[in-house]
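Chemist: So that we are looking at the same thing, I have put the structure below in structure tokens.
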Amino acid sequence: MESSLYHFSSLRIIPTPKKPPSLPRTSITYAFSIFTSTRCCGINNMMRPSMASATSAFSYKKFVQFALEETRKHAQLIPSPLQENFNCEEAIGGKAELQMHSFESPKIRLLRSLSVEGSDGMQVLDFAIFPKPEFDLPIFCANFFTTAMMNIIVLDLNPLHDVINQQNYKEKYYKHLIPLGIKYAELLPWGGKITSESIKFFSPIVMWSKFPSSQQKHHVLYSAFKDYLKSWLELMDQASGETDVSQTMFNLEAQHRYLTWRAEKDPGHQVLRRLVGETHAKEIIRSFLFNGVDDLGTKTFIDYFPEYRCDDGTINQKRSMIGKSFESRPWDTRGEFIGNTLR
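Quick look at the structure:
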């Protein structure tokens with residue numbers, strides 16, 4: 001996503017009181033579960049009528065609910081330690097509510113979701129699944145922003161390794177998924193310019209689209225989300241853990257590089273900053289959304305992306321240092337990268 005259409009006034013957030021120490025771990029599991037959380041943020045009782053009607057028309061909650069139900073068919077999810085500090089928060093006046101969920105499993109380092117619902121019909125979903133470094137699985141990524149008028153979405157199995165120049169990795173994980181990508185590329189057309197730097201983190205089946213809000217389009221998006229998640233879970237089922245330590249470290253660094261880029265350059269962060277303020281937004285971004293950026297590796301953003309270094313050592317805030325962007329889909333119907341021929 002190369003430009004932000006998010007414009008909200010700043011909102012102060014009230015942290016949810018911590019659970020009593022005596023609450024057993026199993027109770028925490030259910031309290032934070034999307035299926036049974038009827039008290040979280042007091043949403044059922046405290047929503048204003050406008051928010052309730054908007055949610056009944058369309059809500060990303062069902063996306064999260066499906067994701068957890070479907071993932072539990074393939075893996076035993078246990079709550080992440082992050083869940084105790086990042087769960088539910090409510091904006092003063094009931095204008096926006098944030099729900100955060102996080103889990104882990106034998107093959108999943110972190111499954112986490114952040115959903116936001118606003119009284120004006122604004123909805124946000126940031127859902128991701130990060131594999132453990134013993135697995136070179138892609139990273140499941142769903143970033144959706146919705147208003148009453150417009151949707152901006154990215155849905156992908158973000159490649160852990162290069163799919164533009166490494167044919168073997170592309171064939172391993174994406175070759176059989178190209179028809180899936182073509183199907184939804186026709187239903188959700190390419191959304192416009194993406195920088196050359198960002199395209200390196202996307203796969204040949206990425207869905208990047210902007211479209212007017214409608215029941216039909218929301219149905220397509222939900223269908224795409226379900227199909228992409230099912231595809232990722234099938235890949236996870238088939239994945240075998242790496243026994244080569246050097247390959248595990250290679251996977252670890254690749255994931256850390258991805259987290260470092262997203263934590264610094266993801267434009268959706270503007271929404272969080274306006275909702276919760278700069279300090280708390282940074283905490284959510286680095287400790288929750290892109291957990292691991294501070295402890296999976298020691299390299300900095302400048303180490304990975306030296307072209308962004310300013311003379312004083314700070315990070316250049318420009319969206320692109322290369323200057324080239326892709327206005328149309330840079331992969332053909334066979335999943336071959338044709339971006340080098342696009343101008």
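Take the sequence shown: its position 252, counted from the start at 1, is 252 in UniProt numbering, and no numbers get skipped.
We put the CB at the ideal spot given by N, CA and C, even for glycine.
Every value quoted in this text rests on a predicted model; they were computed, and no experiment measured them.
1. Within 10 angstroms of its Cβ, does T71 collect 16 or more other Cβ (buried), or is it exposed?
2. How would you write the range of the beta strand (DSSP E) that H219 sits in, first residue to last?
3. Mind checking whether K299 and H256 have CB atoms under 8 Å apart?
4. Check each candidate in V245, L177, M150, D332 and name the one with the smallest Cα separation from residue 431.
5. Mark Q99 as exposed unless 16 or more other C-beta atoms lie within 10 angstroms of its C-beta, in which case mark it buried.
6. Looking only at DSSP bridge pairs, what is R112 linked to?
7. What does the alpha-carbon distance come out to for the pair G181 and Q216?
8. Suppose you measure from the CA of F140 to the CA of Y308; what does that come to, to the nearest Å?
9. Could you tell me which residues DSSP puts in a beta bridge with S209?
10. Only counting the same chain, and skipping five residues up and downstream in sequence, which positions put a Cβ closer than 7 Å to that of F337?
11. Measuring alpha carbon to alpha carbon, tell me which residue in I78, V116, V276 is nearest E104.
12. Would you identify the three-state DSSP class for N168, choosing helix, strand or coil?
13. Counting Cβ pairs, one atom from each stretch, are 3 or more of them under 8 Å apart for the segment 243 to 263 and the segment 180 to 194?
14. Thinking P212 and M149 are a contact (beta carbons under 8 Å), I'd like their distance in whole angstroms, please.
15. Whose C-alpha, out of Q167, F201, D120, is nearest the C-alpha of V154?
16. Does chain C have any CB closer than 8 Å to the CB of E117?
Modeler: Let me spell this out:
1. For this step, residue 71 is matched to residue 71 along the sequence shown. Answer is buried; the Cβ neighbour count reaches 16.
2. On the sequence shown, position 219 is the one that residue 219 refers to. Counting along the chain, no beta strand (DSSP E) covers H219; the unbroken alpha helix (DSSP H) around it starts and ends at 215 to 238.
3. Within the sequence shown, residue 299 is the residue found at index 299, counting from 1. Within the sequence shown, residue 256 is the residue found at index 256, counting from 1. Cβ distance < 8 Å, so K299 and H256 count as in contact.
4. Limits of the chain in this structure are 1 at one end and 343 at the other, which puts residue 431 out of reach.
5. Position 99 of the sequence shown, counting from 1, holds the residue named residue 99. Buried.
6. Counting from 1 along the sequence shown, the entry for residue 112 is found at position 112. Paired residue(s): S102, A128.
7. By one-based count along the sequence shown, residue 181 stands at place 181. By one-based count along the sequence shown, residue 216 stands at place 216. Between G181 and Q216, the C-alpha separation is close to 19 Å.
8. To locate residue 140, count along the sequence shown from 1; it is residue 140. To locate residue 308, count along the sequence shown from 1; it is residue 308. Roughly 27 Å between the two C-alpha positions.
9. As a position in the sequence shown, residue 209 is number 209, starting the count at 1. By DSSP's assignment, S209 forms a beta bridge with I153.
10. In the sequence shown, residue 337 corresponds to position 337, counting from 1. Shown here for F337: same chain residues with a beta carbon closer than 7 Å to its own, the five before and five after excluded, namely I164, P330, W331 in chain order.
11. Translated into positions along the sequence shown, residue 104 becomes position 104. For E104, the closest of I78, V116, V276 by C-alpha to C-alpha distance is I78.
12. Reading the sequence shown from its first residue, position 168 is the one you call residue 168. The answer is helix: DSSP assigns N168 an H, G or I state.
13. Taking one beta carbon from each stretch, the segment 243 to 263 and the segment 180 to 194 have fewer than 3 pairs nearer than 8 Å; the two do not touch.
14. In the sequence shown, residue 212 corresponds to position 212, counting from 1. In the sequence shown, residue 149 corresponds to position 149, counting from 1. The pair is a contact, with the Cβ atoms about 6 Å apart (cut-off 8 Å).
15. If you number the sequence shown from 1, residue 154 lands on position 154. Looking at the Cα atoms, F201 is the closest of the given residues.
16. Among the chains in the structure shown there is no chain C, since it carries only a single protein chain.
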